[in-house]
Every structure is written in C-alpha cells, then in structure tokens.
Amino acid sequence: MRNRVPFKLLGLITLVLLILAVAACGQQAAPTEEPAAEAEPAQEQAEEAAEEAVEAPAGEPVTDITALSNVQAADPIEFESTRLVVENMRKLGLNVEHRAMPWEQQANLVWYEREDWQMTAWRMVGRPERMDPDEFVVNLFHSTTAESGYNFVGFSDSEYDELALKQRGITDQEERRKVMYDVQEIIANEVPYIFIAHPELPFAFRTDVWNPDSVVDAQGIGIKNFWTWTQAEPVGEQKDFVTNTGDVIQGINPLYISGDADSRVTELIWDRLMRIGPDGLPQPWAAESVEWEDDVNVLVTLREGMTWHDGEPVTPEDVVFSFEAPLSGEVPMYKPFVDKIANIEIVDDGAVRFTLEEPWVAFETASLAKLNLVPKHIWEPILKDLADTEDNAESYQEDIPVGSGPYRFVAWKPSEEVILERNPDHWAAPKAERWILRIIPNVESALGQLRTGELNFLMEFEGDPTVLEDVAAQDPNIELVATTSLGFRFFGLNNRVAPFDDVNFRRAVAHVVPRDAIVKNIFKGFAVPADSHVSLAIDYWHNPDLSHYEFSIEKARGILEEAGYTWDDQGRLLMPKR
Amino acid sequence: MRRGVLLYLGSRLLQSVLVLWVVVTILFLLFRLAPGNPLVAYIDPTFTEEQQQTLMRQFGLDQPLHIQYVVYLRNLLRGEMGDSFFQRAPVGELVMQVLPNTLYLTLTSLLVAYVIGVIGGVVLAWQRGTRWEQAGVTFTLMTRAAPQFWVGMIFLMYFAFRLQWLPSSGATSAGVIFDSEWAKLTSLDFWKHMVLPATTLALYLHGLPLLLMRSNMLEVMEDDFITMGRLIGYSEWRLMIRHAARNALLPVVTAMALGIGYSIGGNVVIETVFGWPGLGRQLVRAVSASDYPLAQGAFFLIALVMVLMNFVADLLYGFLDPRVGSSERAGA
Chain V
1098 MRNRVPFKLL GLITLVLLIL AVAACGQQAA PTEEPAAEAE PAQEQAEEAA EEAVEAPAGE
1158 PVTDITALSN VQAADPIEFE STRLVVENMR KLGLNVEHRA MPWEQQANLV WYEREDWQMT
1218 AWRMVGRPER MDPDEFVVNL FHSTTAESGY NFVGFSDSEY DELALKQRGI TDQEERRKVM
1278 YDVQEIIANE VPYIFIAHPE LPFAFRTDVW NPDSVVDAQG IGIKNFWTWT QAEPVGEQKD
1338 FVTNTGDVIQ GINPLYISGD ADSRVTELIW DRLMRIGPDG LPQPWAAESV EWEDDVNVLV
1398 TLREGMTWHD GEPVTPEDVV FSFEAPLSGE VPMYKPFVDK IANIEIVDDG AVRFTLEEPW
1458 VAFETASLAK LNLVPKHIWE PILKDLADTE DNAESYQEDI PVGSGPYRFV AWKPSEEVIL
1518 ERNPDHWAAP KAERWILRII PNVESALGQL RTGELNFLME FEGDPTVLED VAAQDPNIEL
1578 VATTSLGFRF FGLNNRVAPF DDVNFRRAVA HVVPRDAIVK NIFKGFAVPA DSHVSLAIDY
1638 WHNPDLSHYE FSIEKARGIL EEAGYTWDDQ GRLLMPKR
Chain S
229 MRRGVLLYLG SRLLQSVLVL WVVVTILFLL FRLAPGNPLV AYIDPTFTEE QQQTLMRQFG
289 LDQPLHIQYV VYLRNLLRGE MGDSFFQRAP VGELVMQVLP NTLYLTLTSL LVAYVIGVIG
349 GVVLAWQRGT RWEQAGVTFT LMTRAAPQFW VGMIFLMYFA FRLQWLPSSG ATSAGVIFDS
409 EWAKLTSLDF WKHMVLPATT LALYLHGLPL LLMRSNMLEV MEDDFITMGR LIGYSEWRLM
469 IRHAARNALL PVVTAMALGI GYSIGGNVVI ETVFGWPGLG RQLVRAVSAS DYPLAQGAFF
529 LIALVMVLMN FVADLLYGFL DPRVGSSERA GA
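Listed below in structure tokens is the structure:
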C-alpha cells in the first residue's frame, strides 16, 4: 500500500509539467496577447468563417455565417430571438450557425477580436443619464470608437461622424433634434445594427406599504428610480423600503462605477449638482440653479446649508474638487465625463463657473448629473496617498461612506444586504425611514417574498413577466408597473467582414427579423419593437419616420436579387458577379 | 518506533505541501487559460482604451504569464492572495466576510446529519430484515438522490411562503444589525433563518453516514466477538452500542472529517436557493466573472482545508485503530 505513494507523486508532477508545457506553447504562439484570450472551439470556428469570408470571390456561395448569442439558461430572450432569426436567414439560402456561449466569452470575442466574428446578439440597458441620446449617438457609431471603443461593429460613415459631433454644439433644441433625426436616418439606412425591441421593465411594489400615487414612474427607466426612493410615502407601520437584487454589491464608492445595484446605493448616499428628472430632463439638485452664460460658460449656484453626513458643510471647494479629481488620474472611470471641462473657478461664496473647451449641450446630463459630489476633506488625503501607488480611488472602500445625499450609510453585510437610513437634515429628506437592499439570487424566492411582505418593492425580476403579472392580478396589494426601457436589444453586424460588409446584404437580413413575433412570443408582450438607437421611450428625440424593415422573406430576396446576388440549383445564395 | 511515527508524519506533510503546490499551479493556469477576460465586465459605451490599459496594469495582466506565476507564488508564500478584480479588496478579507456563515450552515447540517445518520444506521442494522429497515433505506436513498434545489424550493413553498413559519432568505431579517458575531449567533432570528437551509442540506448529507454505519454494523455483527458477547449473555442493547457501534464508527469518522473539508467550499445550490451569504455564491461569481485572484484564493483555501482534514483523518485513523498505525510503521 505504501509503495503506491511515489507513483502518485510522480503522476502529479508529470501532470503539472505537462500543463506548464502546454501553457508555455500558448505563450510562444501569442507572445503579446494576454493568455485569457486563448481560442476556444467556438471562437475558432467563428474566426475561420470570418477568414474565409474575406476571400469569397464573385459567383461563389456566400460565406458561412456564425451568429453569436448568450446561452439559453442565462438569457433565454436573446437565445430564442437568435434561434428564430437564424432559421429565417437559412431561408435566404445561407448557411448559418447559431453559437451560444457564456456572456463573458461572447463579449471577449466581440470586443477584443474585432475581425473574428460576423453577427452577434447584444443589448444596451437604460440608465438615467442615457435619457440624452448623446452617449449612444456618439459612442456607439462614431468611427473613432471603432478600434477599441463601443463601435465594435466597425461602422464608419463620415457624414454620421460629422453630424454626431455637430449635435453636441447645437444649443437650440429644435435644431439639435433635426440633427438627431438625421443621424437616426443614417443608421436606419446603413443597418450596422438590426434593432429588435425595447423591453418593458416590470417592477412591482406593495400598495399596502407604499402609496401608489407617490411612486414615481420615470420615462425610459421605470419606477425603480431615485424619485421613488425619496418621495414614496409609507401608508402603514412598515416605513422601510425592502427591495432586492440578484447582484453582488462590489463597492460603495462614489468614484467607482461598478455594478447596477451599486449605482442604486451610491446615488442615494451622494448628491449630484443635477439629477435626471422623471421626465428625462436634467434638473438642478444640489445646485440651486444652473445658468448658461454662453455656449461654453455655465454658472452653477450651490444650494445653501447643505452638510455632509459627518456634519461638515458642503462648500464650492468640494464641488471643484469633485470635478477636478477625475483629471488626477486616480479616478479613471469618471474621466470621460470631465474631459471637456477647460476650467472650473469659484466665482463668489456659493457659485462655481464651469468653462467648456467647446460647446457641449449634453454637459448637464452627461457631467453635472453624472458626477457624485464628494467631500474634499475626506477624499483629498486619500487621493494623495494613492498617487504613489498602483491602486487608484476605485479600490478604496470607506468604512463608513460619507456623502451629502438624502440617505445615510448604516451597514453593508456582504452577500446579504445594504442598509441606509433617511438623512433628516437633507433639504429633500425621504419619506421612508430606511432603504434596505437585500441580495436575493433566487428569483422565485424574491417573488414569494413580495407576496409575504418580506419584500415590499421588487426592483429586479429576471423571470417570466407573465408570472409576475399573474401574481399582481391575484393579490390586490401588489401593483405591477411595466415601463418601456430606453435600452434595447439588437443584432450587431460586423461591418468589417463579409458578407456584412455589404449594406444590401445587411438590409436584406434586417427584413428576416420578425420583430412583432419576437415581442409577442419571446418577450411575452413585455416589449415594443425597436427601430433606432434613440428609444421610443424618449419621444422627443426619437425619429418617427424611419424606414421600417418589415418582416418579409420575399422583400429580403428582392433586395439581394437587385444587388446582384443569385441562387444556385440547390438554392444556395451566391455572391454578386462584379 | 518513535522515529517511524515521525517519518510517517513527515512524509505525509511533505505530500500535503506538494499537493497544495500542484493545486495552486493548476488553479493559476486554469483560470488564465479559460476563455474570457476580466475586462469584459467593464465594457461600456464610455470605456476608453486608456482605462483598459490602466486596468490591465492594475490587475498585473500586462505581464507575461510566467512572471505572473512567480509573483503569485511569492505573494502566496507571504500569505497574500491579492485583491479581487471587481470588489477591489484583499481576497483574504472578502473570503473571511462570508466564510463564517458558510461554516455555521455546513457544520450545523453536518452535525445534525451525522448524529441522525449514525443513530439511524445503528437502528436500521438492528432492524435488519424488517419493514422498518426497508422504509428507512428507501427514504434515505430518496433524499440522497433528490436534487437539493428541488427539495429547497419545496421547503420554501410550504414553510416560508404558504405556512409562513420561517423566513425564506438571508441569514438575518431585513435591516437587523447585531453588535457582534456572538450576538448574532445567540439570536433567535439567525437560527430561524438557519432552519430551512440546514434541514435541506442535512437531509442530503445524512444518507452517507447512515448507509455507511448500517453496513459496517452488519459486518461487525457477524464478527466472533459479538457472538462471544452473546454467549456471555450481554444484553442486545449493550452489544449494539458498546461493542458493535463503536467498532463500526471508524469509517464514519473519516467520512465526517472529509465532510468538514468539503463543507468549507459552501454549497452553491443551497446558498442560492435560500440567499445564504456564504462562500459558494462568491466562488461561482468569481469564476464566471474571471475574477482570478478571488477564485484562486477561495479555491486555495478549500484545498488547504481539504488537505488538512485528510491529514487529520489519517492521524485519527491511526489513533482510533492501532492496526492502521502499525502497518504504516511496518511499511516505513
């Protein structure tokens, strides 16, 4: 029995050496790449398909297509939609494969291997600051973001580039709207994305705890928003918000943009100069007033008498510090939102003047309503210490976070809950006593808890919305509010590689996406068909006259035929002869 | 003889260290060679090239693999497991935040499962051939085979949502703050939250000791010394407990030691169903998000405890059964 031990050891050592050898080979093959990006079978196939694509000569069959999506268990809507569309694409005589992979892997391929995929399902989520279309309009399709930014589809159009930047400088809203309409028109014609739908976000709350009239439904966002948290009135004994998330809280840090659940916490603890109102427009918040002196000078007057949770007064110096800190290099994630500020100066006791490098109309939404005000007396020393290290403000966690917002930090129990309490000294003190965010990974359990009252506000529900609908129908004390999101789901078509480098091909494929059927059968009616990256939910900016790609296999074939594509005897689609 | 024991201990220790090194190396490579990249979690329309490079540098991923490996081993020897990529805090700290909860839950269920399992095994062996035995074994096999999430959901449905006897999620009620860990452990609220997950887990765990105990008992009861005892005229009870059970307990002790080792990793399924704030959930999240340091750290800890418990089991074995030790010594 004893004799076997050396053999075991030998076996183990051999195993380790083998693995090391394999790793070393991988290193040599791709010396500059980070090892995490090693090829996977799925990735390889997609790459091969993309490589062949480039060489497909005229008259040859159109190259095989691989469509990427998340796996069914993680995102059934995306998976089912992709499957449906892939089936329809086959009807055009295409050889299409549906490749489902975990999101991390899919994102890695789409984002870091930009030449090596053809088509992918994707989603954008709605956030309050996205109520101004600027972020999507510039970052999704401007050609400068094609190499390493969010324009992973590689869309490039000089007219679009020009208009997307031009709208930033137009202070006249009507005029800016015209340009916004134009950019949407270009995207609709060029089809870098095939838009599917804007989901309707289902949230629910107990009416025996919260007065339904005081729960605020924000455009494009839903009832899960800052205004509900601060304005909802308790009707009975229970005065605490008890709400849920399936996420882990990664940090409670005003200078780190981490998860969605984290943002719900930070926006309550830290004030901002402006906030996006329920109507989607920025409104003064910690600022008494925001006044545009001209195209580039903005005078912000600070509200009087505000204090930090530790009792110190909020000063204009704090405001300047909050906006200058991201430029120090210690707060990288907020840097893009202050980049265009040329100068910040304190005018007199309560006012701060921001001078922009160039006119930027989204400044209020994308900057003033985005940055958290942080106390200089706490963060200045911290940033100073961090300056000499590899770390930055993102990795700093205060024991007791201090802001000036309507709620104060009480406790954070990792993987369990975050507890905030109302700040009675705040000028807009909440009506609720406490705000408790429970971390509940089990969707069915969260629903059950809403029924028993353990939860009184369901702010995350990843399950089947019709189940929630039934629950609300059965229980008169549960109200469901579904709001059209400004986020959307779409297929990204890689404009760099064949066959999607041909706009006619993209248009044809857009005609085989059955939006209405997807909304009805896959979203179970909890969505509206989408046709633009500017959501219907922001009706002021949404262009109502975009060319629609109605579902029609015949139309798709017609477009292909007109562009010179033909079919062989077996019905396979052939490339146009040049 | 003394030298023999020392040699035995020494070689076992050396083996343990070697196993740990292998585990650490495999962990290191496994996560880095798997597809996926920790940076994808940050993908956003405002994510810039500059930010990507800053993150790569901070995470140490801009270094070649072998340098990363050396740094990793060096830090580990110093007891440092690095910072989590996403939670941006030291791994040791993050693990320690949830490890106690995991231990409370798994050790409680383990204790319940082994007490019930051992007693149940003795009773079933005693009732050999009766209807009781049949029913008992069938029930145990069913609980062993039933998926834990299913059992958990049924419990939730009945006891938490329909009857509303017990809370459904978390380790404490919403908004309850305890001054100390001790105050939490002595509170009724905490134990109420413990009932459903611990029962679900114990129901699954009790099968192993029960069946093990039962078959051992049956074997021991065939032995000469039991027949001898019977001839002497000892009562059945005395024979059962003092003689047979004691001897049959040995493998169960080993199983329990290993069970404690396993339990450190928590139980993802139970923790997810009941929202229990334990290590299992954290682990799964770390793996799926490519949070290398956190995943490595947590798995290393699990491996460490497993190896340690194996070591302890070996020692216990030698202690409980002198024959084991002597054969080892003879071999050495």
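First to last, the sequence lines map onto chains V and S. Read left to right, the first sequence gives residues 1098 to 1675 (the working numbering). Read left to right, the second sequence gives residues 229 to 560 (the working numbering). Where a beta carbon is used, it is the ideal one built from N, C-alpha and C, also for glycine. Computed from a predicted model, the values in this text were never measured in an experiment.
Of the listed residues the options, nearest to residue i (C-alpha basis)
i        : options                                   : result
T329(S)  : D311(S), G508(S), Y545(S) and M468(S)     : Checking the displayed sequence, the identity of residue 329(S) turns out to be Asn instead of Thr. Comparing Cα positions, the closest option is G508(S).
I1536(V) : K1510(V), A1529(V) and R1519(V)           : K1510(V)
D1436(V) : I1283(V), P1562(V), E1651(V) and P1456(V) : P1456(V)
I1349(V) : Q1571(V), V1499(V) and V1600(V)           : V1499(V)
As assigned by DSSP and simplified to three states, the class of residue i
i        : result
A1660(V) : coil
W1638(V) : coil
M1221(V) : strand
A1439(V) : strand
M1371(V) : strand
E1297(V) : strand
Q1380(V) : strand
F1620(V) : coil
E1518(V) : strand
L1396(V) : strand
K1528(V) : coil
N1286(V) : helix
R1273(V) : helix
L1424(V) : helix
V247(S)  : helix
P1410(V) : strand
L1470(V) : coil
Distance, residue j Cα to residue i Cα
i        : j        : result
E1130(V) : G1426(V) : Its pLDDT being 37, under 50, E1130(V) is placed unreliably by the model, and the measurement read from it follows with that caveat. In a straight line, the C-alpha of E1130(V) is about 25 Å away from that of G1426(V).
E1659(V) : K1275(V) : 32 Å
M1186(V) : E1566(V) : 34 Å
D1445(V) : I1354(V) : 32 Å
L1670(V) : V1610(V) : 18 Å
A341(S)  : L478(S)  : 16 Å
Q1316(V) : H1295(V) : 13 Å
V299(S)  : A473(S)  : 51 Å
M1556(V) : Q1335(V) : 18 Å
W1405(V) : E1495(V) : 14 Å
G1504(V) : V1411(V) : Residue 1504(V) is actually Tyr in this sequence, not Gly. Approximately 16 Å between the Cα atoms of the pair.
T1462(V) : E1201(V) : 30 Å
N1469(V) : P1351(V) : 6 Å
F1554(V) : N1322(V) : 12 Å
Q392(S)  : K420(S)  : 12 Å
P571(S)  : R390(S)  : Because residue 571(S) is not part of the residues shown, which for chain S are 229 to 560, the question remains open.
W249(S)  : L242(S)  : 11 Å
E556(S)  : L246(S)  : Model confidence at E556(S) stands at a pLDDT of 45, short of 50, so the residue's coordinates are unreliable; what they give is reported in the following sentence. In a straight line, the C-alpha of E556(S) is about 20 Å away from that of L246(S).
V1345(V) : A1358(V) : 8 Å
T334(S)  : S491(S)  : 6 Å
T1629(V) : A1579(V) : Here residue 1629(V) turns out to be Ser, not Thr, going by the sequence shown. The alpha-carbon atoms of S1629(V) and A1579(V) are separated by roughly 21 Å.
L369(S)  : L338(S)  : 17 Å
Endpoints, beta strand (DSSP E) assigned at residue i
i        : result
E1388(V) : A1384 to W1389
T1452(V) : A1448 to L1453
I1575(V) : I1575 to T1581
R1586(V) : F1585 to L1590
Endpoints, alpha helix (DSSP H) assigned at residue i
i        : result
R458(S)  : D452 to I460
K412(S)  : E409 to L413
K1510(V) : Looking at the DSSP string, K1510(V) is not in any alpha helix (DSSP H); the run it does join, the beta strand (DSSP E), is Y1504 to K1510.
V497(S)  : V496 to V501
K1263(V) : S1255 to K1263
Paired residues, beta bridge with residue i - DSSP
i        : result
L1165(V) : R1196(V) and T1217(V)
D311(S)  : P318(S)
P273(S)  : In DSSP, P273(S) forms no bridge with anything.
N1341(V) : R1535(V)
W1307(V) : P1331(V)
F1418(V) : Paired residue(s): none; F1418(V) is not in a bridge.
V1625(V) : H1295(V)
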